[in-house]
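Asker: First, the structure itself, so that you have it in front of you.
There are 2 protein chains.
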Amino acid sequence: MKIGKQTIKLKNTPKILETSSAVGPKESNGPLGIYFDIKCSDVFYGEKSFEKAESKFMKSAIDNLLYKLNLTNEKIDYIFAGDLLNQCIASGYCIRDLQIPFFGLYGACSTFVEALMLSSLFVNSGYGTKVLASASSHFCSAERQFRLPLEHGNQKPPTAQCTVTGSGVALLVPHDIEKKVPVVTYVTPGKIIDMGIKDMSNMGAAMAPAAFDTIITHLKDTERKPEYYDAIITGDLGKEGTDILIELCKNYSVDISTVHRDCGKEIFDLNERDINSGGSGCACIAAVFSSYFYQELKEKRLNRILLVATGALMSPISIGQGESIPSVAHAIAIENEV
Amino acid sequence: MKIGKQTIKLKNTPKILETSSAVGPKESNGPLGIYFDIKCSDVFYGEKSFEKAESKFMKSAIDNLLYKLNLTNEKIDYIFAGDLLNQCIASGYCIRDLQIPFFGLYGACSTFVEALMLSSLFVNSGYGTKVLASASSHFCSAERQFRLPLEHGNQKPPTAQCTVTGSGVALLVPHDIEKKVPVVTYVTPGKIIDMGIKDMSNMGAAMAPAAFDTIITHLKDTERKPEYYDAIITGDLGKEGTDILIELCKNYSVDISTVHRDCGKEIFDLNERDINSGGSGCACIAAVFSSYFYQELKEKRLNRILLVATGALMSPISIGQGESIPSVAHAIAIENEV
């Protein structure tokens, strides 16, 4: 049921039965390393290209989720998935091997929450009883596609972010499955916001206004205060974008500073070389939610979170043609039942 | 409600209230020219790049649909859209200006039916009362992205297809809107099928097995015979792909030859120079359904159609890395009420 301007209330509160994550070496050695399921010390993951490796990260995360639940791929009704690569090839080639009816998504770094929203809505409506949401990214495939070949060894400005290598996946099931796991209560799909930022090395600044718009709309639509949530978690605004988001909210007389967290700031040690403003990429929020935050929810250290993934919808071509960076943010409320 | 293996029955049968299409010069001068709403004689559409022109084709189609219904963009709940360009920039930049909550999709040439399926399911569940589905493609932006720069003037083999320039859009509304228009009864999202085709100039052959799989699954799931439909319409298999699809069905003892039609074969005069196997691209089925077939339904020359969009999920990078072409086909049953 739609409430307010753009939020949907999920009256059947589907459950997130299980999650799984697979990451590369930098993520494994970072502050959240102990939480990831699969940690690979090789960015190639035994494959011959970064693109194939990215696909394998997603495949491993999905296979591991199925293994945890003793499920086979035929039991899955639908999968919603996407990634950052041209023509979403990481997802396409991964899901080819799974034989699950597939909805391909492109929401840049917002893809994971876009997938979570749609799979939750599918289960809420009874369109399926086991629906997967998945997303991936890879530092090396993203660098050469969006920026410069790795061999170039270029330096980056402090506002730049470091694409997360890995994948995260979640399984949505109906509420009547007997297991105490977090449920989805609301989703707020975002509008595209573009404040005219043209600097591809400052995605945080480009995406923060979209996060602001979606968070404020969600709070209005649901008549909730920021404090309702134990955490309002953005995907990958990084240091720069986080500061802008908090200031935008403050100027609007909404203080989210005490509950705001950002996966991009938590996945890496921000003092480490080349991390600059923090992590980014579809896998940032996908892997961090599917490991650390899901566990925090299950162990009741967090009980109510608003997960907000932001995506920058430009391409190197559009930037080359003088365009600015349009961004979108999607939000999903995930809560423990009392 | 899910029925059979992968089909969903839409018990509230949402209505396709209106459609709109915008196309370029080659399409305007083709056999279906009289059916399109907006016909532009300039592939640049007054813009400075093909990419911006593609975005404008989608924008014009949407604006025209809103104009036909005397609606403003604020009245639209959600939009599902996508295109062929890297990072789906045609859709992103178009929808930036519309301020409608946005779900970005990537299904290659299957995108329009993917969008139609999701918007129908949204309306069926009451998540929105006015939901748009849209897709675009552009011959010139697709050529330089997937194949060779136009300036190269390369010849193509007879199995190659010609990307349609334009866009198609449809508005889904609840069944209780009083207007005699076609309704959506079933959707069958497809699995990814890959029969090992590696020839980027023969997409029809790569996509036909996916169409076969989805059509057969749909018929089984719904317990319908091909003859139930006045037309089973594929998106853009072209001559080559159509022949393969019909033969695959025949080998499976299912004869669709009398009801099968293909938008790629109908949008262009197949004897014209450089058309080769027919039209392709997201806009092929999007523009042909949103003009010709929608009118055929409204005027009851057709009463039951199965619209099947196929998409090839490779990228030039994956083909360069030796991969074959994975394909997907999504089907939606659209019917007049008796």
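As you go down the protein sequences, you meet chains A and B in turn.
If you're matching positions, the first sequence starts at 1170 in the numbering used here and goes up one per residue.
If you're matching positions, the second sequence starts at 1170 in the numbering used here and goes up one per residue.
C-beta atoms are modelled at their ideal positions from N, C-alpha and C, and glycine is treated no differently.
Given the structure is predicted, the values throughout are model-derived calculations rather than measurements.
Output the distance between the C-alpha atoms of B/Lys1389 and B/Ile1413, rounded to the nearest integer angstrom.
Answerer: 20 Å
Asker: Can you tell me which of the three DSSP states B/Val1497 falls into?
Answerer: strand
Asker: Grab the span of the alpha helix (DSSP H) containing A/Glu1187 for me, first residue to last.
Answerer: Element bounds for A/Glu1187: not the alpha helix (DSSP H) but the beta strand (DSSP E), 1184-1192.
Asker: Note down the Cα distance separating A/Leu1471 from A/Glu1504, rounded to an integer number of angstroms.
Answerer: 9 Å
Asker: Identify the contact partners of A/Asn1264 in chain B, using a Cβ-Cβ distance below 7 Å as the criterion.
Answerer: With the sequence shown as reference, residue 1264 of chain A is identified as Ile, and Asn is not the correct amino acid for it. The answer, in chain order, is Ile1361.
Asker: Return the chain-ordered list of same chain residues with a C-beta closer than 7 Å to the C-beta of A/Glu1216, the five sequence neighbours on each side being excluded.
Answerer: Sequence-distant Cβ neighbours of A/Glu1216 in its own chain, meaning closer than 7 Å and more than five residues away, are Ala1222, Lys1225.
Asker: Look at A/Met1170 and B/Gly1297 and say whether their C-beta atoms are less than 8 Å apart.
Answerer: no
Asker: With 8 Å set as the bound, which would you pick, yes or no: does the beta-carbon of B/Ala1478 sit closer than that to a beta-carbon of chain A?
Answerer: No - not a single Cβ of chain A is within 8 Å of the one on B/Ala1478.
Asker: Would you report the Cα separation of A/Ser1493 and B/Phe1213, rounded to the nearest angstrom?
Answerer: For A/Ser1493 and B/Phe1213, the gap between their C-alpha atoms comes out near 20 Å.
Asker: Taking only beta-carbon positions, decide if B/Lys1389 is within less than 8 Å of chain A.
Answerer: no
Asker: Which two residues bound the contiguous alpha helix (DSSP H) that contains B/Gly1489?
Answerer: 1485-1489
Asker: Can A/Ala1498 and A/Gly1337 be called in contact, C-beta distance under 8 Å?
Answerer: no
Asker: Report yes or no: is there a C-beta of chain B within less than 8 Å of the C-beta of A/Ala1498?
Answerer: no
Asker: Between A/Ala1284 and A/Ala1259, how many whole angstroms is the CB-CB distance? I'm expecting something under 8 Å.
Answerer: Incorrect: roughly 13 Å between the Cβ atoms, too far for contact.
Asker: Measure the CB-CB distance between B/Leu1466 and B/Pro1351 and report whether it falls below 8 Å.
Answerer: Taking 8 Å as the Cβ cut-off, B/Leu1466 and B/Pro1351 qualify as a contacting pair.
Asker: Chain B beta carbons: is any one of them nearer than 8 Å to that of A/Asn1255?
Answerer: yes
Asker: At which residue ranges does the region 1201-1273 of chain B contain complete alpha helix (DSSP H) runs of 4 or more residues, listed in the order of the chain?
Answerer: 1219-1237, 1258-1265
Asker: Strictly below 7 Å CB to CB, what residues from chain A border B/Pro1495?
Answerer: Gly1261, Tyr1262, Arg1265
Asker: Have a look at A/Leu1179, A/Gly1335, A/Phe1271 and flag the residue whose alpha-carbon is nearest the alpha-carbon of B/Thr1163.
Answerer: Within the shown structure, residues of chain B are numbered from 1170 to 1507, placing residue 1163 of chain B beyond reach of any answer.
Asker: Find the nearest neighbour of A/Pro1183 within the set A/Pro1485, A/Gln1175, A/Val1300, A/Ala1191, judged by alpha-carbon distance.
Answerer: A/Val1300
Asker: For chain B, is any of its Cβ atoms less than 8 Å away from the one on A/Glu1220?
Answerer: yes
Asker: Indicate the three-state DSSP secondary structure (helix, strand or coil) for A/His1429 in the structure shown.
Answerer: Of the three classes helix, strand and coil, the one that applies to A/His1429 here is strand, per DSSP.
Asker: Classify A/His1321 as buried or exposed, calling it buried when 16 or more other Cβ atoms lie within 10 Å of its own Cβ.
Answerer: exposed
Asker: Starting from the beta carbon of A/Leu1290, find every residue of chain B whose beta carbon is closer than 9 Å, and list them in chain order.
Answerer: Leu1290, Phe1291, Ser1294, Tyr1296
Asker: Report the rounded CA-to-CA distance for B/Lys1408 versus B/Val1428, giving the unit in angstroms.
Answerer: 15 Å
Asker: Mind checking the region 1274-1288 of chain B against chain A and listing, in chain order, the residues whose C-beta falls within less than 9 Å of any C-beta there?
Answerer: Within the region 1274-1288 of chain B, the qualifying residues are Leu1274, Tyr1275, Gly1276, Ala1277, Ser1279, Thr1280, Glu1283, Met1286, Leu1287.
Asker: What in chain B is Cβ-close to A/Pro1358, meaning under 9 Å?
Answerer: What A/Pro1358 touches in chain B: Tyr1247, Pro1270, Phe1271, Phe1272.
Asker: What residues from the region 1323-1337 of chain B come within 8 Å of chain A, judged by C-beta to C-beta, listed N to C?
Answerer: none
Asker: Do the region 1302-1316 of chain B and the region 1237-1253 of chain B make contact, defined as three or more Cβ pairs closer than 8 Å?
Answerer: Contact holds: three or more Cβ-Cβ distances are below 8 Å.
Asker: Suppose the cutoff is 6 Å on Cβ atoms and the five residues either side in sequence are ignored; what does the same chain contact list for B/Thr1332 look like?
Answerer: Correct list, in chain order: Ser1306, Phe1308, Ala1311, Ser1449, Gly1450.
Asker: What three-state label does DSSP hand B/Glu1196 in the structure shown?
Answerer: helix
Asker: Out of curiosity, what's the CA-to-CA distance linking B/Ile1361 and A/Asp1424?
Answerer: Those two C-alpha atoms are separated by around 46 Å.
Asker: According to a CB-to-CB cut-off of less than 9 Å, which residues of the region 1454-1469 of chain B neighbour chain A?
Answerer: none
Asker: Can you find a C-beta in chain A that's less than 8 Å from the C-beta of B/Lys1171?
Answerer: yes
Asker: Buried or exposed: which applies to B/Ile1203, given that a residue is buried once 16 or more other Cβ atoms fall within 10 Å of its Cβ?
Answerer: B/Ile1203 is exposed by the Cβ-count criterion.
Asker: At what residues does the beta strand (DSSP E) containing A/Tyr1463 begin and finish?
Answerer: First-last for A/Tyr1463: 1463-1467, but that is the alpha helix (DSSP H), not the beta strand (DSSP E).
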